[in-house]
Every structure is written in C-alpha cells, then in structure tokens.
Amino acid sequence: MKTEEIAVLSVSMFQAGSDYCWMGDLEHLLEKFPMLEFPNRRRFYVLMIIESAQGTAVIDGNTLRLDHPKIICINPGSIFSLEINRKAKGTMLCFTEDFFSIRYNNNALSNFTFLEREYGSYVRLTEEKAREWEQLSAFMKGEYTGQQKGADSVLRSFLNIMLCKLDREFSHVVPLMKKNTYEEKIKQFRSLLDEHFVAHKTPAFYASRLNITTNYLNKLCGKYHGVSTGELIRKRITIEAQRLLHYTVLPIADIAKQLEFESVSYFITFFKRSVGTTPENFRKNH
28 MKTEEIAVLS VSMFQAGSDY CWMGDLEHLL EKFPMLEFPN RRRFYVLMII
78 ESAQGTAVID GNTLRLDHPK IICINPGSIF SLEINRKAKG TMLCFTEDFF
128 SIRYNNNALS NFTFLEREYG SYVRLTEEKA REWEQLSAFM KGEYTGQQKG
178 ADSVLRSFLN IMLCKLDREF SHVVPLMKKN TYEEKIKQFR SLLDEHFVAH
228 KTPAFYASRL NITTNYLNKL CGKYHGVSTG ELIRKRITIE AQRLLHYTVL
278 PIADIAKQLE FESVSYFITF FKRSVGTTPE NFRKNH
C-alpha cells in the first residue's frame, strides 16, 4: 500500500511517555500496533527475537520469512513492514541509540558490525540457541515490566549482552576483522553521509568534517568499498530515491525537491545514470 508520505515512528508509539526503550510480545502484535503492517521508518533499532511465527518482514524491499527461530535486526531509517500471525511466539525489543549510549559512551553501537548492514540483518538459531535466547528475553522482560529501582541500568546491561551475543552469531557467518583507525574514519564517514546526504552532495564537505583531505577520503573509500567517495554519495542518494519511488505516491517533482535537486530534469538524469532507467519506469516496474 502506497501513501503520500512514509510514516516515521518513535518508541513512544508503543507506550506513551516512553521515548527510549520498549519491549513486548509478538503475539497479537499487529492488533495492538497496526501501523507496523504498513511501510514505515523508525527513529530506533528493532530486535525481533522469533521463537515461532508465520509471515514476512520486509526491509527496504528485501523479504524475510518468519518461520523457524531467528533474530532480525532492523536499523533506524530503513523502510520496514511486517506481516505476522496472531499466535506468533517471541519478543520485540525497540531501543534508541541514546538509550544505549547513556551508559556506553563513544558511540559504542558502532562496535557491533552487524548493525552496519544497509538492509538490516538476521541470523537463524539452532534449537539450543533458541532456548538460550528465550531465557535471556524472559529475564529482560521481567526487568522491563517490573520497573524496580535501577531498571534502566539493568536493561542496558541486558541489551549490551544481547548485542555482544549477536555479534558472535554473525561472526560465524562473516568473520570479524580487527578494527583500525582507517576503518573508524570510514564508519564516521558513513554516519555523516546518512545524516547529511540530502544537503551535502560533495566529497569536500565530508572530508572537512573528518579533518582529512578529499584525496585521502577517496583512497579510504576505494580501499574499503572499492569505489570513490562521490560514488558512495551518489549511491546513498539513489537508495533514498528508490525508497520514495517504491513506497510513496509522491510525484517525481516532489521527490526531486525533497532530495534538494536543482531541477526535476537533473534528478531524472541523475537517477537514470545511476539505475539505468527513469524514475517513472522504476516505479512502474517495482
């Protein structure tokens, strides 16, 4: 279902007055929060710990089946919709970066490599791992509903344990590489790009914010991504344009304006050069 605008959700949608963290059961989830069934963006991270379910989760057009035990991580800003049966078993955990960073400083979420994937992440669980996660979720849920003294601190500790365990699970699929200062610069660049790609479309802006030269940033992008800084900027703009074309009925002129292109014709030329087809044809075919 397409709309004029993609809904942007905050944690407070689940519980008034709670802006940082929410935890609840998957059972009857869409009856309680029907807006999750339609494409939406969120200002928070989502962990879906699935014990048993039927349905699908769609993250930026990538469909994941909800069948066997698995954990799905959905990043802020991606476009997400959910179809899940009423009797699904499992837990949904929602949290903002601020909630985690209150205790863990220096942007510690960047230490978890599975959170960096563009379209979200998921990992299948063995029966033994599923029982382990079920127990961990139950402990955390008990702390969340009990709301005793120091509950937020305990919840952050549980969350840190979950994220560390998830990083281990993903390291079996994609071996982790030792971090270095160059990789940190690239992470900072990607973070800046997500924040400023609409208003700032030139490599010079990002190089200046990182206190490095444009040439050096270009070398880092080539080393770690195989393309130039400009290509990564264009790719990020293109992804956003594709999201708006796929999930909304906004006129192409409005999308061009929203992405701050000088003119509609320039946007169409840019999009066709990046994707190989016009925005109108892309929308028809998707």
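Per this note's numbering, the sequence shown starts with residue 28, numbered consecutively.
Each residue gets a CB set at the ideal place from its N, CA and C atoms; glycine is no exception.
Which of helix, strand or coil DSSP assigns to residue i
| i | result |
| --- | --- |
| Ser233 | At residue 233 the sequence reads Tyr, which differs from the Ser that was named. In this structure, Tyr233 counts as helix in the three-state DSSP scheme. |
| Lys250 | helix |
| Glu289 | coil |
| Ser79 | strand |
| Val276 | coil |
| Ser184 | helix |
| Lys116 | strand |
| Ala226 | coil |
| Phe127 | helix |
| Asn245 | helix |
| Gln42 | coil |
| Ile239 | coil |
| Gly177 | coil |
| Lys197 | Sequence inspection shows Phe at residue 197; the Lys mentioned does not correspond to that position. Three-state result, Phe197: helix. |
| Phe294 | helix |
| Phe216 | helix |
| Phe141 | helix |
Range of the contiguous alpha helix (DSSP H) that encloses residue i
| i | result |
| --- | --- |
| Ser164 | Glu154 to Gly173 |
| Asn67 | Not the alpha helix (DSSP H): Asn67 falls in the beta strand (DSSP E), residues Asn67 to Arg69. |
| Thr90 | No alpha helix (DSSP H) contains Thr90, which is instead part of the beta strand (DSSP E) from Asn89 to Arg92. |
| Asn312 | Pro306 to Asn312 |
| Lys59 | Leu56 to Lys59 |
Burial state of residue i, where buried means 16 or more other Cβ atoms lie within 10 Å
| i | result |
| --- | --- |
| Ile264 | buried |
| Pro230 | buried |
| Tyr209 | exposed |
| Asp125 | exposed |
| Met328 | There is simply no residue 328 to check, as the chain begins at 28 and stops at 313 in what is shown. |
| Pro66 | buried |
| Asn312 | exposed |
| Cys248 | buried |
| Gly303 | exposed |
| Asn89 | exposed |
| Ser235 | exposed |
| Tyr72 | buried |
| Met62 | exposed |
| Asp94 | exposed |
| Ala84 | buried |
| Ser180 | exposed |
| Gly117 | buried |
| Thr153 | exposed |
| Gln81 | exposed |
| Val38 | buried |
Boundaries of the beta strand (DSSP E) in which residue i is found, first to last residue
| i | result |
| --- | --- |
| Lys97 | Lys97 to Ile101 |
| Gly51 | Cys48 to Asp52 |
| Arg151 | Ser148 to Arg151 |
Sheet register partners of residue i (DSSP bridge)
| i | result |
| --- | --- |
| Lys299 | Its beta-bridge partners do not exist; DSSP assigns none. |
| Val35 | Arg68 |
| Ser108 | Val85 |
| Phe122 | Cys48 and Tyr72 |
Within-8 Å CB hit, residue i to chain D
| i | result |
| --- | --- |
| Gly257 | No chain D appears in this structure, which consists of one protein chain only. |
query = Are three or more beta carbon pairs between the segment 237-249 and the segment 269-283 nearer than 8 Å?
reply = no
message = Does the contact criterion of 3 or more C-beta pairs under 8 Å hold for the segment 153-170 versus the segment 100-110?
response = no
ask   = Taking contact to mean at least 3 C-beta pairs separated by less than 8 Å, is the segment 185-194 in contact with the segment 220-234?
value = no
ask   = Taking one C-beta from the segment 169-183 and one from the segment 85-99 each time, how about it: are there three or more such pairs within less than 8 Å?
value = no
request  = Report yes or no: do three or more beta-carbon pairs, one from the segment 253-268 and one from the segment 209-223, lie closer than 8 Å?
outcome  = yes
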